[in-house]
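**Q**
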Amino acid sequence: MTTSAITASGLRKAYQDTVVLDGIDLEVPAGTIFSLLGPNGAGKTTTVNVLTTLIKADTGTVRVAGYDVATEAKAVRAAIGVTGQFAAVDELLTGQENLQLMVDLNRIPTGDGRKVVAGLLERFQLTESAQKPVSTYSGGMRRKLDLAMTLVGNPRIIFLDEPTTGLDPRSRRTMWAIIRDLVADGVTIFLTTQYLDEADQLADRVAVLDHGRLVAQGTPDELKRQIPGTHVRLRFSTAEELDAAARIMPESTRDDDTLTLQVPSDGGTKSVRGLLDRLDEYALSAEEFSVRTPDLDDVFLALTGHTTEVAAK
Amino acid sequence: MKSPSMVMLRRNVKHIARNPMTVFNAVLMPVVVMLMFVYVFGDAFSVGVDYVDYATPGLLLLAVCYGLGSVAVSVNSDMTKGIINRFKVMDVPRSAVLTGHVIASLLTNLLAIAAIIGVAFLLGFSPSASALDWLGVIGVVALLGFAAGWLTIALGLAAKSPETAGLASVPLVMLPFFSSAIAPTDTMGPGVRQFAEYQPFTPIIETLRGLLNGTPTAGDVVPAIAWCAGIALVGYLWASSTFTKRA
């Protein structure tokens, strides 16, 4: 077993005239979380589909778990687990039957299979709903069941395509905790997301995908260094007030058109209080006050010069 | 050890059993249509024989077709909800997924034709078929169910949504009416008559009719089997290639 769980080089894929992947190179060391970050339409799902043997790339090579996806697809499939963008659960079956289906397809002997099902139900807090049809499950429960089904064969490499899109904050946090537990067991995770904070929270390495191209790659910290940090935005009612405020806060950047001042700040209460005290001292008051943390849009603006809206077209 | 095809079949059978609409469409609807035609309209048709004897073979075929609508919808929802993708990225023979659907559909068909034959006897059906002819009837119906099943699965895989999948199977439900199922083709208007004479269902129905009368003729049997084989082949190839390509 090599130390790389996934390697891809020169991946290209086009549908008719539309280029979806335009030369993707990536490497994911075993036992780490790799996150592919990008807006809708960037090519995240296509990348996952190529890496998981669902579709063939036009050119380029991919090795997953040491096997070539084009020529050794069967061996790749035996090594991976995939949770797609939408919970692929069988609504007419119960939670337990869904897991049993995976047990049977993985050809796990009956006795062990029962233990696997009970264990996963317990681990994902689905034991109480195990006998109910999945059509009665909430979105968060479906996602959990979906992931539990992926884990049945005990895969060493797991692909998660936008695992928290559409989940409420609480379910999202539960999902993050589950993902962290998996990596603690030595599993490799390939995760796609639209959320900068999700990549930041989970990933060891992040690659930013835009129009089928990787525009940046690195650790979350390396990536964040390339983009504007958290700052406080102050809007004033007159140009004189803006002038005065800019003078007392030389570290800020001003925008004369909108009469706003951007002051770098970590957004914590202490630094915000300090900032407000300074304004008070000079008898200045701002019309509007807001704290901004960088999101995917800022990443894109900094890395590509356009926002995600443009990228999604 | 359970084979993947058996696992898939069991899943599909559970689906059918838990979805009363499927059973209603596949088994009860054909019986309702039968009662309607035989009881309500039957005496108005002059077909030379007792109407129930005339209509039963066509209704057998109709029963097969009615079962297919829900097959297209269930295959399509597997496709659009990502369940097929889930199976495709597992180390499971890819044929198992579709085989499960075909066999489940065939079992529903057999249930439906058993119901039709049962009701036919209650309505005074008096076939003159030998045991061998009966075997032939079951064989032809199973062959048709198999062929139309593959075609329906292909339609279900290719359709954009479960709604369009349901719509795509409507022609299959309508075609029996434009054949010799309900009324002899020579009583139909021009255009419709030629269509009815040459469409695939007519030789299949005539084969069933011949077998149930104890007088099958090669002129019907050969085209009937050829049509079934052709439809099965086209359906199978189309379904397999859509299954492989669509992700």
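Residue numbers (the numbering used here), protein chains in the order written: chain B, 1 to 313; chain P, 1001 to 1247.
Don't be surprised by glycine CBs; every beta carbon is placed ideally from N, CA and C.
#1: Mind listing which residues of the segment 81-97 of chain B have their C-beta closer than 7 Å to chain P's C-betas, in chain order?
#2: Determine which residues of the segment 31-56 of chain B have a Cβ less than 7 Å from any Cβ of chain P, and write them out in chain order.
#3: So, with DSSP's three-state summary, where would you put F236(B)?
#4: In the DSSP assignment, what residue or residues form a beta bridge with P29(B)?
#5: State the DSSP-derived secondary structure class of A14(B), mapped to helix, strand or coil.
#6: At a Cβ threshold of 9 Å, is M1103(P) touching chain B?
#7: Output the distance between the C-alpha atoms of G186(B) and V1073(P), rounded to the nearest integer angstrom.
#8: Would you report the Cα separation of L1061(P) and R1010(P), rounded to the nearest angstrom?
#9: Quick one: using the 10 Å Cβ neighbour count with 16 as the cut-off for buried, is I248(B) buried or exposed?
#10: Helix, strand or coil for H231(B)? Go by DSSP, reduced to three states.
#11: Between P1020(P) and chain B, is there a C-beta pair that is closer than 9 Å?
#12: On the CB-based measure, 16 or more other CB atoms within 10 Å of its CB, does T1207(P) come out buried or exposed?
#13: Output needed in chain order: residues of the segment 1137-1154 of chain P with a Cβ under 7 Å from some Cβ in chain B.
#14: Look at the alpha carbon of L234(B) and the alpha carbon of P169(B), and state the distance between them as a whole number of angstroms.
#15: To the nearest angstrom, how far is it from the Cα of P1004(P) to the Cα of K1160(P)?
#16: Report the rounded CA-to-CA distance for Y15(B) versus A42(B), giving the unit in angstroms.
#17: What do you get for K1245(P), buried or exposed, if any count of 16 or more other CB atoms within 10 angstroms of its CB means buried?
#18: Within the chosen definition, does the segment 207-225 of chain B reach the segment 276-283 of chain B through at least 3 CB pairs nearer than 8 Å?
#19: Any residues in the segment 1074-1087 of chain P with a beta carbon nearer than 7 Å to a beta carbon of chain B? Which ones, in chain order?
#20: Would you mind telling me which residues of chain B sit closer than 7 Å to K953(P), beta carbon to beta carbon, in chain order?
#21: Under a CB-based cut-off of 9 Å, is G153(B) close to chain P?
#22: Our contact map puts T1056(P) next to A1096(P) with C-beta atoms below 8 Å; I'd like the distance itself, whole angstroms only.
#23: Rounded to whole angstroms, what's the CA-CA distance from T192(B) to R77(B)? Just pull it up for me.
#24: Fully enclosed by the segment 1086-1162 of chain P, which alpha helix (DSSP H) runs are 4 residues long or longer?
#25: Here's the rule I'm using: 16 or more other beta-carbon atoms within 10 Å means buried, otherwise exposed. How should I6(B) be labelled?
#26: Helix, strand or coil: which one does DSSP assign to Y1051(P)?
#27: In the DSSP assignment, find the alpha helix (DSSP H) that holds R173(B) and state where it starts and stops.
#28: Apply the 10 Å Cβ neighbour rule to M1(B) and answer buried if 16 or more other Cβ atoms are within range, or exposed otherwise.
#29: Using only the alpha-carbon positions, how far apart do T47(B) and R63(B) sit?
#30: Examine the Cβ distances between the segment 151-169 of chain B and the segment 133-140 of chain B and report whether three or more of them are shorter than 8 Å.
#31: Decide if Q131(B) is buried, meaning its Cβ has at least 16 other Cβ atoms within 10 Å, or exposed.
#32: Residue ranges of each beta strand (DSSP E) run of no fewer than 3 residues wholly in the segment 189-220 of chain B, ordered along the chain?
#33: Counting only the same chain and skipping the five closest in sequence on each side, list residues whose C-beta sits under 7 Å from that of N98(B).
#34: For D1053(P), which residues in chain B fall below 9 Å Cβ to Cβ?
#35: Identify each residue in the segment 1001-1033 of chain P for which the Cβ-Cβ distance to at least one residue of chain B is less than 9 Å, and report them in chain order.
#36: How about M149(B): is its C-beta nearer than 9 Å to some C-beta of chain P?
**A** A quick look at the data gives this:
#1: Residues passing the 7 Å Cβ filter: V82, G84, F86, A88, D90, L92, L93.
#2: Listed in sequence order: N49, T52, T53, L54, I55.
#3: Here residue 236(B) is taken as the residue at index 236 of the first sequence, counted from 1. Per DSSP, reduced to three states, the secondary structure at F236(B) is coil, with no helix or strand assignment.
#4: Along the first sequence, read from residue 1 onward, the residue named residue 29(B) stands at position 29. P29(B) pairs with S4(B).
#5: Numbered from 1 along the first sequence, position 14 holds the residue referred to as residue 14(B). The answer is strand: DSSP assigns A14(B) an E or B state.
#6: Stepping through the second sequence from its first residue, residue 1103(P) is reached at position 103. Here residue 1103(P) turns out to be Ile, not Met, going by the sequence shown. By this cut-off, I1103(P) is not an interface position.
#7: On the first sequence, residue 186(B) is found 186 positions in, with the first residue counted as 1. On the second sequence, residue 1073(P) is found 73 positions in, with the first residue counted as 1. So the alpha carbons of these two residues sit roughly 41 Å apart.
#8: As a first step, residue 1061(P) is located in the second sequence; it is residue number 61 there, counting from the start. As a first step, residue 1010(P) is located in the second sequence; it is residue number 10 there, counting from the start. Near 25 Å, if we compare the C-alpha coordinates of R1010(P) and L1061(P).
#9: Reading the first sequence from its first residue, position 248 is the one you call residue 248(B). Label assigned to I248(B): exposed.
#10: The residue labelled residue 231(B) in the question sits at position 231 within the first sequence. Note: H231(B) maps to strand in three-state DSSP.
#11: The residue you call residue 1020(P) lines up with position 20 of the second sequence. No, its Cβ sits nowhere closer than 9 Å to a Cβ of chain B.
#12: Against the second sequence, residue 1207(P) aligns to sequence position 207. Burial call: buried.
#13: none
#14: Indexing the first sequence from 1 puts residue 234(B) at position 234. Indexing the first sequence from 1 puts residue 169(B) at position 169. If you take the alpha carbons of L234(B) and P169(B), they lie about 29 Å apart.
#15: As a working mapping, residue 1004(P) is identified with position 4 in the second sequence. As a working mapping, residue 1160(P) is identified with position 160 in the second sequence. Approximately 27 Å, taken between the alpha carbons.
#16: Residue 15(B) sits at position 15 when you count from the first residue of the first sequence. Residue 42(B) sits at position 42 when you count from the first residue of the first sequence. C-alpha separation (whole angstroms): 14 Å.
#17: The residue labelled residue 1245(P) in the question sits at position 245 within the second sequence. K1245(P) is exposed by the Cβ-count criterion.
#18: no
#19: Under the 7 Å Cβ criterion, the segment 1074-1087 of chain P contributes K1081, G1082, I1083, N1085, R1086.
#20: Only positions 1001 to 1247 of chain P appear in this structure, which leaves residue 953(P) out of reach.
#21: Numbered from its first residue, the first sequence carries residue 153(B) at position 153. Yes, G153(B) lies at the interface with chain P (some Cβ there is under 9 Å from its Cβ).
#22: Position 56 of the second sequence, counted from the start, is the residue given in the question as residue 1056(P). Position 96 of the second sequence, counted from the start, is the residue given in the question as residue 1096(P). At roughly 36 Å, the Cβ-Cβ gap does not stay under 8 Å, so T1056(P) and A1096(P) are not in contact.
#23: Within the first sequence, numbered from 1, the residue matching residue 192(B) stands at position 192. Within the first sequence, numbered from 1, the residue matching residue 77(B) stands at position 77. Distance between the alpha carbons of T192(B) and R77(B): 19 Å.
#24: 1095-1122, 1131-1158
#25: For this step, residue 6(B) is matched to residue 6 along the first sequence. I6(B) should be labelled buried.
#26: Counted from its first residue, the second sequence places residue 1051(P) at position 51. Note: Y1051(P) maps to helix in three-state DSSP.
#27: Position 173 of the first sequence, counted from the start, is the residue given in the question as residue 173(B). That run of the alpha helix (DSSP H) goes 169-184.
#28: For the purposes of this step, residue 1(B) is taken as the residue at position 1 of the first sequence. Because the pLDDT at M1(B) is just 45, under 50, the model does not fix this residue reliably, and the value given afterwards should be weighed accordingly. When all chains shown are included, M1(B) counts as exposed.
#29: As a position in the first sequence, residue 47(B) is number 47, starting the count at 1. As a position in the first sequence, residue 63(B) is number 63, starting the count at 1. Near 13 Å, if we compare the C-alpha coordinates of R63(B) and T47(B).
#30: Flag = yes, the segment 151-169 of chain B and the segment 133-140 of chain B touch.
#31: If you number the first sequence from 1, residue 131(B) lands on position 131. The residue is exposed, with fewer than 16 neighbouring Cβ atoms inside 10 Å.
#32: 205-210, 213-218
#33: As a working note, residue 98(B) is residue 98 in the first sequence. These residues qualify, in order along the chain: V89, D90, V134, L145, M149.
#34: One-based indexing of the second sequence puts residue 1053(P) at position 53. When 9 Å is used as the limit between beta carbons, D1053(P) is near no residue of chain B, the shortest such separation being about 40 Å.
#35: Listed in chain order, the positions of the segment 1001-1033 of chain P with a beta carbon within less than 9 Å of a beta carbon of chain B are M1001, K1002, P1004, M1006, V1007, M1008, R1010, R1011, K1014, H1015, R1018, N1019.
#36: The count along the first sequence starts at 1 and reaches residue 149(B) at position 149. Yes, contact with chain P.
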